[in-house]
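For the sequence shown, the working numbering begins at 274 and goes up steadily by one.
Reviewing the structure listed below.
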Amino acid sequence: MTLPALPRLPASLRRAAGVALVLTCAAAQADLKVGVDLSSTGPAAAIGITSKNAILMWPKTIAGQPVQVTVLDDASDPGAAVRNIRKLVDEDHVDVVVGPNITPAALAALDAVAAAQTPMITLVGSGSIVEPQEGARTWAFKMAQSDRAMADVMTRYMANHGVKTVGFIGFADSYGDSWLNEFTRFADLRKIRVIATERFNRTDASVTGQALKLIAAKPDAILVAGAGTPAVLPQRTLIERGYKGAIYQTHGIATPEFIKLGGKDVDGTLFPTQPVVVARTLPADHPARQAALAFVDAYDAKYGAGTVTQFAGDAAGVYPRLADAVGRALKVAQPGTPAFRAALRRELERAHELVVPNGVVNTSDKDHVGLDQRASVMGIVKQGRFVYPSQ
């Protein structure tokens with residue numbers, strides 16, 4: 274049976290409700306409810322918009338169950354994210370929350386989803402969202418590879434390319450904290466010294482003072498621990514002030530907007546990432562290459578060539594994660610009930626060798642990420658493209 278298309282909400286209603294979009298197969302049949310909170314505006318918009326784009330590509334059923342997806346914009350504000358998520362769980366009674374896509378917002382939302390006993394699949398990098406697996410964090414899952422795994426692959430690459438000393442400049446928030454901790458841990462393991470540490474805010478207009486201090490320390494390489502377009506500012510400032518060493522960034526920069534804003538200043542940037550970002554140049558034997566390429570081809574066809582991001586790949590991967598878990602949870606209870614939400618949380622812990630665009634997932638009651646090193650690769654910005662390094 275083909276269902277008629279729903280009428281578009283008037284703009285005034287969409288603005289008043291704060292709803293970016295509502296996808297539904299038919300309200301009366303939309304038994305499975307998915308609530309999504311993303312940063313579609315604000316400093317993290319480059320991340321949130323591509324995540325939303327990927328969600329719009331989801332099929333209209335999950336495990337054969339009609340699905341209603343409600344997407345809200347938190348404007349890159351953790352307080353707004355909490356309000357959105359409280360609305361989704363307390364008023365809309367969603368079966369699962371997807372998002373947020375920035376670390377401070379996801380941390381702030383933990384208590385809300387735990388109180389509602391509703392699983393939350395976040396799209397952030399920091400492992401602090403799901404570690405340790407106790408208390409409110411037992412209701413949180415994560416699609417993106419952890420900062421720990423990314424720091425591991427990055428420092429391994431640094432060591433193999435002769436880097437002995439590093440200067441660090443990162444966001445002055447939980448994202449920067451997590452990266453400083455994880456990077457330092459693996460740098461120590463590989464005999465790499467962090468010889469200067471600076472911080473900056475996502476909304477800063479200048480980082481000249483921090484850049485000059487880093488350059489004065491004369492490190493072999495500098496790591497910028499930022500995400501989205503705000504990560505361009507430190508790199509541009511370092512280059513303008515004459516820094517000639519290698520510049521590394523984190524997996525948070527892999528958006529077309531980063532390249533567009535950064536231009537020639539970001540060419541040569543080295544960064545850890547996930548398979549989707551460099552899918553076309555991945556080695557042929559990479560286990561996620563086929564799934565990554567299929568998604569990239571579909572995304573490019575819909576939104577334009579070269580527009581895919583790691584964050585879009587993470588959001589796309591939520592669909593197979595849910596399809597895998599929902600099918601089993603439906604054998605226990607029906608959507609819209611506490612029993613179903615509890616069953617869904619348990620089944621999200623039981624993914625086994627599940628291939629998603631950004632890796633292969635194996636979860637457990639102690640691991641709510643489930644990604645191993647098959648989800649971590651190095652990338653480089655080369656002539657306006659993200660590619661897999663040739664060496």
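Here a beta-carbon is modelled for each residue, glycine too, at the ideal position from N, C-alpha and C.
Keep in mind it's a predicted model, so treat the numbers as computed, not measured.
Review point. Do residue 415 and residue 642 have their CB atoms nearer than 8 Å?
Key: yes
Practice item. Please check the pair residue 365 and residue 395, which I expect to be a contact at CB under 8 Å, by giving their CB distance rounded to whole angstroms. Key: At roughly 18 Å, the Cβ-Cβ gap does not stay under 8 Å, so residue 365 and residue 395 are not in contact.
Review point. Got a sec: does the ligand NAD put a non-hydrogen atom nearer than 7 Å to the Cβ of residue 651?
Key: In the structure shown, the ligand NAD is absent, as is every other ligand, since no ligand is present at all.
**Study point:** Between the CA atoms of residue 418 and residue 458 - distance to the nearest angstrom
**Key:** 17 Å
Practice item. Using the DSSP secondary-structure output, state which residues sit across from residue 320 in a beta bridge. Key: Answer is none; residue 320 lacks a bridge partner.
Check your understanding: Can you tell me where the alpha helix (DSSP H) with residue 586 in it begins and where it stops?
Key -> 583-602
Review point. From 306, 454, 430 and 463, pick the residue whose C-alpha is nearest to that of residue 665; which is it?
Key: Because the chain spans 274 through 664 in this model, residue 665 falls outside it and cannot be assessed.
Review point. Quick check: the stretch 305-313 against the stretch 322-339, are there 3 or more CB pairs under 8 Å?
Key: yes
**Study point:** Segments assigned beta strand (DSSP E), at least 3 residues, entirely inside the stretch 455-497
**Key:** 466-473
Review point. Taking Cβ to Cβ, would you say residue 661 is nearer than 8 Å to residue 551?
Key: yes
**Study point:** Length of the line joining the Cα atoms of residue 646 and residue 512
**Key:** 32 Å
Exercise for review: Starting from residue 545, follow its DSSP beta bridges and name the residues at the other end.
Suggested key: 651
**Study point:** Pairwise C-alpha distance: residue 581 and residue 630
**Key:** 12 Å
Check your understanding: Taking the C-alpha atoms as reference points, what is the distance between residue 516 and residue 526?
Key -> 20 Å
Exercise for review: Report the three-state DSSP secondary structure of residue 348 (helix, strand or coil).
Suggested key: coil
Point to revise | Three-pair Cβ contact test at 8 Å for the stretch 540-557 versus the stretch 607-622 | key: no
Practice item. Report buried or exposed for residue 325, applying the criterion of at least 16 other Cβ atoms within 10 angstroms of its Cβ. Key: buried
**Study point:** Extent of the continuous beta strand (DSSP E) run through residue 311
**Key:** 305-311
**Study point:** Any 3 or more C-beta pairs closer than 8 Å across the stretch 348-366 and the stretch 590-605
**Key:** no
Point to revise | Option in 380, 534 and 393 with minimal Cα separation from residue 309 | key: 393
Review point. Among 370, 353 and 348, which residue has its Cα nearest to the Cα of residue 591?
Key: 370
**Study point:** Terminal residues of the alpha helix (DSSP H) in which residue 427 lies
**Key:** 420-433
**Study point:** Cross-strand partners of residue 646 (DSSP beta bridge)
**Key:** Partner(s): none; residue 646 has no beta bridge.
Check your understanding: Under 8 Å, do residue 401 and residue 349 count as touching if we go by C-beta distance?
Key -> no
Exercise for review: Given a cut-off of 8 Å, decide if residue 649 and residue 422 are closer than it, judged by their beta-carbon atoms.
Suggested key: yes
**Study point:** Neighbourhood of residue 320 by C-beta, 6 Å cutoff - its chain only, sequence neighbours within 5 removed
**Key:** 374, 501 and 584
**Study point:** C-alpha gap between residue 655 and residue 625, whole angstroms
**Key:** 35 Å
Point to revise | Span of the alpha helix (DSSP H), counted from its first residue to its last, around residue 627 | key: Note, residue 627: premise wrong, no alpha helix (DSSP H); beta strand (DSSP E) at 627-629.
Practice item. Closer than 7 Å by C-beta to residue 490: which residues in its own chain qualify, once you throw out the five before and the five after it? Chain order, please. Key: 440, 468 and 469
Exercise for review: Taking all protein chains shown into account, decide if residue 407 is buried (16 or more other Cβ within 10 angstroms of its Cβ) or exposed.
Suggested key: exposed
Review point. Out of curiosity, what's the CA-to-CA distance linking residue 472 and residue 443?
Key: 5 Å
Check your understanding: Exposed or buried, which one is residue 536 when buried takes at least 16 other CB atoms within 10 Å?
Key -> exposed
Practice item. Answer with buried or exposed for residue 663, where buried requires no fewer than 16 other C-beta atoms within 10 angstroms of its C-beta. Key: exposed
**Study point:** DSSP-derived helix/strand/coil call for residue 386
**Key:** helix
Practice item. Go to residue 410, then tell me how far its beta strand (DSSP E) extends in each direction, as first and last residue. Key: Unbroken run through residue 410: none, as it is neither H nor E.
Point to revise | Cα-Cα separation, residue 312 to residue 553 | key: 28 Å
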